[in-house]
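Chemist: Residue numbers (my numbering): 297 to 521.
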Ligand code: CA
């Protein structure tokens with residue numbers, strides 16, 4: 297997923313960004329309400345974040361106000377609040393302002409990752425943790441992939457590409473969309489990186505698993521074996 301991380305604490309922000317990246321997410325990290333507003337709310341639907349991890353106490357404003365503003369602008373981006381404010385009244389206020397989930401610091405990275413997976417399932421309208429496309433089954437929690445009854449061993453990046461395709465089954469996903477899903481602002485991208493990942497995915501999953509739409513992008517076909 298492409299995530300916007302809003303966190304003013306330098307050490308915690310860096311740790312969360314590292315952990316979320318290791319979990320295969322693209323992370324853009326901002327440290328103030330103003331920056332978050334620019335990246336997310338002012339950008340509107342063009343921002344294309346799959347979820348926002350939101351601290352409430354920011355140096356130049358409140359994360360809660362940010363959230364309320366996003367919802368007023370009809371931005372449906374899932375928001376997971378991660379804050380030191382642990383009172384029940386704060387949790388209720390956060391959820392009622394439009395947050396999808398609420399975590400109290402200290403944040404456990406594995407729990408945050410699991411909560412993001414749950415948010416993603418809800419957005420996709422899926423109850424089953426396993427994503428099934430044709431004869432391809434992906435379990436994002438264990439990072440295991442099966443084609444039919446054969447386990448397929450993928451790198452973290454390959455899995456991220458596969459998940460980005462699996463989020464839009466049967467739909468052609470462009471190179472730009474894949475880059476957006478995979479890489480944060482501060483990550484450099486080799487110009488042919490996406491092609492290399494797709495090539496490796498087709499080699500490992502079978503060439504019929506992914507359709508190439510020349511000039512447009514790729515589509516997870518899922519095969520019909
Ligand atoms: Ca803070």
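Every residue, glycine too, gets a C-beta built ideally from N, C-alpha and C.
1. For the beta strand (DSSP E) containing residue 378, list its first residue and its last residue.
2. Candidates 418, 470 and 386: which alpha carbon is nearest residue 373's?
3. Output the distance between the C-alpha atoms of residue 415 and residue 463, rounded to the nearest integer angstrom.
4. Helix, strand or coil: how does DSSP classify residue 383 here?
5. Quick one: is the Cβ of residue 362 within less than 7 Å of any heavy atom of ligand 1?
6. I want to know whether the segment 480 to 493 touches the segment 502 to 509 - three or more CB-CB distances under 8 Å.
7. Where does residue 316 sit, in a helix, a strand or coil, going by DSSP?
8. Mind checking whether residue 390 and residue 377 have CB atoms under 8 Å apart?
9. Closest to residue 454 by CA distance: which of 342, 350 and 474 is it?
Modeler: Short version:
1. Here the question's residue 378 lines up with position 82 in the chain shown. Residue 378 -> beta strand (DSSP E) spans 375 to 379.
2. Within the chain shown, the letter at position 77 stands for residue 373. Checking every option, the nearest Cα to that of residue 373 belongs to 418.
3. Taking the first residue of the chain shown as 1, we reach residue 415 at position 119. Taking the first residue of the chain shown as 1, we reach residue 463 at position 167. Rounded to the nearest whole angstrom, the C-alpha separation of residue 415 and residue 463 is 13 Å.
4. Numbered from its first residue, the chain shown carries residue 383 at position 87. Reduced to three states, the DSSP call for residue 383 is coil.
5. One-based indexing of the chain shown puts residue 362 at position 66. No, ligand 1 has no heavy atom inside 7 Å of this Cβ.
6. no
7. Looking up residue 316 in the chain shown gives position 20. Looking at residue 316 - three-state DSSP - the assignment turns out to be helix.
8. What you label residue 390 is simply residue 94 of the chain shown in a count that begins at 1. What you label residue 377 is simply residue 81 of the chain shown in a count that begins at 1. Against a cut-off of 8 Å, the Cβ pair of residue 377 and residue 390 comes out as a contact.
9. Indexing the chain shown from 1 puts residue 454 at position 158. Checked all of 342, 350 and 474; the closest Cα to residue 454 is 474.
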